[in-house]
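Scroll down for the structure; my scribbles are underneath it.
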Amino acid sequence: MNEYNQLNKPKMQALSNSKHIQGNNIFELAMEHSGIGMALVGLDGSWLKVNQAVCDLVGYTREELQTIDFQTITHPEDLEADLGYVKRLLKNEIQTYNMEKRYFHKNGHLIWVKLTVSLLRDDDGEPQYFISQIQDVSKEKKALKELVSAKKELEEFTYSVAHDLRTPLSSIASIMELLRQSINDGEYEDAQNTIEIAHSSLTKLSDLVISILELHKVNLQEEQDKAVDVPHLVYSALDKFNHMKNFDRLYIETHFQYRGKLRGKTNRYMQIVENFISNAIKYQDLGEISSYIKISTYQKENEFVFEVEDNGLGISEENQKKLFQMFERFHPKAAFGTGLGLYMVKKSADILGGTISFSTPENNKGSIFRLSIAHDSNSQNCDTAT
Numbered sequence: 057m058n059e060y061n062q063l064n065k066p067k068m069q070a071l072s073n074s075k076h077i078q079g080n081n082i083f084e085l086a087m088e089h090s091g092i093g094m095a096l097v098g099l100d101g102s103w104l105k106v107n108q109a110v111c112d113l114v115g116y117t118r119e120e121l122q123t124i125d126f127q128t129i130t131h132p133e134d135l136e137a138d139l140g141y142v143k144r145l146l147k148n149e150i151q152t153y154n155m156e157k158r159y160f161h162k163n164g165h166l167i168w169v170k171l172t173v174s175l176l177r178d179d180d181g182e183p184q185y186f187i188s189q190i191q192d193v194s195k196e197k198k199a200l201k202e203l204v205s206a207k208k209e210l211e212e213f214t215y216s217v218a219h220d221l222r223t224p225l226s227s228i229a230s231i232m233e234l235l236r237q238s239i240n241d242g243e244y245e246d247a248q249n250t251i252e253i254a255h256s257s258l259t260k261l262s263d264l265v266i267s268i269l270e271l272h273k274v275n276l277q278e279e280q281d282k283a284v285d286v287p288h289l290v291y292s293a294l295d296k297f298n299h300m301k302n303f304d305r306l307y308i309e310t311h312f313q314y315r316g317k318l319r320g321k322t323n324r325y326m327q328i329v330e331n332f333i334s335n336a337i338k339y340q341d342l343g344e345i346s347s348y349i350k351i352s353t354y355q356k357e358n359e360f361v362f363e364v365e366d367n368g369l370g371i372s373e374e375n376q377k378k379l380f381q382m383f384e385r386f387h388p389k390a391a392f393g394t395g396l397g398l399y400m401v402k403k404s405a406d407i408l409g410g411t412i413s414f415s416t417p418e419n420n421k422g423s424i425f426r427l428s429i430a431h432d433s434n435s436q437n438c439d440t441a442t
């Protein structure tokens with residue numbers, strides 16, 4: 057057997073070298089075509105070798121990454137923990153570590169990743185470089201954040217609904233008792249007044265239930281993106297609301313400087329347009345000789361802006377902080393509101409990828425509500441005013 061091994065030693069050595077080379081090639085292929093990011097990182101944190109998945113993840117080319125280290129693109133709040141694990145690897149206290157951390161994309165936004173790192177040592181046990189596996193978990197982190205937010209929102213919603221339903225229900229029970237007594241005593245005029253009060257309470261209760269159902273629809277409704285004509289939605293809303301109380305004392309201006317069609321969810325835009333306009337109608341300052349609503353669309357840098365300005369009752373500085381929270385009512389004497397309208401507006405804007413903002417006109421009288429949303433600058437524009 058020894059004679060056989062001696063005679064075939066050159067062949068065995070060649071075979072061993074061949075397997076080693078082949079093994080390296082297999083590793084290179086596996087690394088390059090891996091579905092997750094893989095990198096060889098120097099002991100100083102420099103990127104020695106990365107696959108395309110890493111480049112796609114952080115937005116840098118291979119050449120760009122080789123000029124920086126992982127510390128540069130790691131979020132400062134995560135860096136200390138990461139370096140702590142690195143020190144333990146180098147001291148041979150651990151063989152590998154896993155952690156979730158944030159990288160800064162080349163464009164500036166944050167990416168959550170799951171990082172798995174091990175340390176390669178040479179035959180003498182000396183550290184050579186780190187082997188890192190980097191998996192994008194941004195979607196999972198976002199989903200978890202949304203779940204936590206939804207849980208908190210549900211708890212607040214349940215409490216508020218219970219409170220808002222209990223009050224009118226208790227009131228209606230008392231009203232019905234008064235009505236019974238008035239009828240038994242033959243006081244039919246009092247009974248008629250009591251019926252009107254009961255009708256008003258039931259109407260408010262019905263409005264609250266309808267708003268709750270609308271909120272449920274806003275949260276669950278799925279809708280495909282379509283071409284949206286905002287001026288058309290405005291005119292439809294004005295036609296819809298022309299029966300509202302005090303509508304006839306309004307002077308309405310429209311300034312549609314941006315008339316290009318947008319791509320988005322029609323019902324979400326409609327919900328925002330109708331809420332802005334109906335609030336301006338409901339919360340007029342009747343102490344003014346006349347009321348006005350100015351409805352505008354325009355382009356500001358790379359954003360489409362829909363804006364409704366009025367000279368109504370406005371929002372106090374203290375209440376502005378609570379504008380888009382659930383069940384907040386600011387002018388109950390002027391008109392009954394469920395306190396869900398602006399909250400639903402905020403939800404719709406979030407779904408559209410836009411933002412809702414509020415400001416007070418320069419004369420400190422009334423309100424300005426805006427929807428701002430990124431848009432395709434190639435859409436058609438023209439200037440009109442009516």
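So the sequence shown is numbered by the numbering used here: it starts at 57 and just counts up by one. From the three backbone atoms N, C-alpha and C, an ideal C-beta is built for every residue, glycine too. All values derive from a computational prediction rather than experimental measurement.
Backbone CA spacing between residue i and residue j [nearest angstrom]
i	j	result
Ser174	Asn331	56 Å
Ala254	Val193	54 Å
Glu84	Glu202	39 Å
Leu398	Met155	40 Å
Val106	Thr130	16 Å
Thr411	Val204	21 Å
Lys198	Ser230	48 Å
Ile228	Leu258	8 Å
Lys301	Lys338	7 Å
Ala430	Met232	53 Å
Lys377	Pro287	30 Å
Glu133	Phe160	12 Å
Tyr348	Phe297	15 Å
Gln340	Lys356	28 Å
Backbone secondary structure at residue i - three-state DSSP
i	result
Lys282	strand
His431	coil
Gly397	helix
Glu182	coil
Gln191	strand
Ser90	coil
Ile371	coil
Lys489	Residue 489 is absent from the structure shown; the chain starts at 57 and stops at 442.
Thr250	helix
Ile407	helix
Gln78	Here the model assigns Gln78 a pLDDT of 45, short of 50, so the residue's position is not dependable and the matter cannot be decided.
Asn240	helix
Ile124	coil
Val204	helix
Asp134	helix
Ile150	coil
Contacts around residue i, its chain only, beta-carbon distance under 7 Å, and the 5 residues preceding and following it disregarded
i	result
Glu183	At residue 183 the sequence reads Pro, which differs from the Glu that was named. Excluding sequence neighbours, Pro183 sits near Leu99, Leu146, Leu175, Arg177.
Asp138	Thr130, Met155, Lys157
Ala293	Val329, Glu330, Ile333
Gln127	Gly101, Leu135
Pro417	Glu365, Ile424
Proximity test, residue i beta-carbon vs the ligand GTP heavy atom, cut-off 8 Å
i	result
Asp180	For the structure depicted, the ligand GTP is absent and the ligand set is empty, with no information on it obtainable.
Residue i versus the options, residue with shortest Cα-Cα distance
i	options	result
Ile190	Tyr244, Glu252, Trp103, Glu120	Trp103
Ser352	Gln340, Thr310, Leu318	Thr310
Tyr307	Ile333, Arg319, Asp125, Ala405	Ile333
Leu369	Gly343, Glu359, Glu363, Asn358	Gly343
Ile453	Asn240, Gln122, Arg236, Gly93	With the chain covering only 57 through 442, there is no way to say anything about residue 453.
Arg319	Leu96, Leu234, Gly242, Lys282	Lys282
Leu379	Phe414, Phe360, Glu359, Ser346	Phe414
Lys162	Trp168, Cys111, Gln248, Ile239	Cys111
Min CB distance residue i to chain B below 9 Å
i	result
Lys170	Of the chains in the structure shown, none is chain B; there is only one protein chain.
Same chain only: Cβ atoms within 6 Å of residue i, ignoring 5 sequence neighbours per side
i	result
Ile328	Val401, Ser404, Leu427
Lys170	Glu156, Gln191, Val193
Gly422	Asp366, Asn367, Gly368, Gly370
8 Å Cβ shell around residue i - same chain, five flanking residues per side excluded
i	result
Tyr141	Ile150, Tyr153, Met155, Val173
Gln108	Glu88
Would you mind listing the beta strand (DSSP E) stretches within the segment 271-357 that are 3+ residues and don't spill past its ends, in chain order?
-> Listed in chain order, the complete beta strand (DSSP E) runs (minimum 3 residues) inside the segment 271-357 are 282-284, 306-312, 318-320, 347-356.
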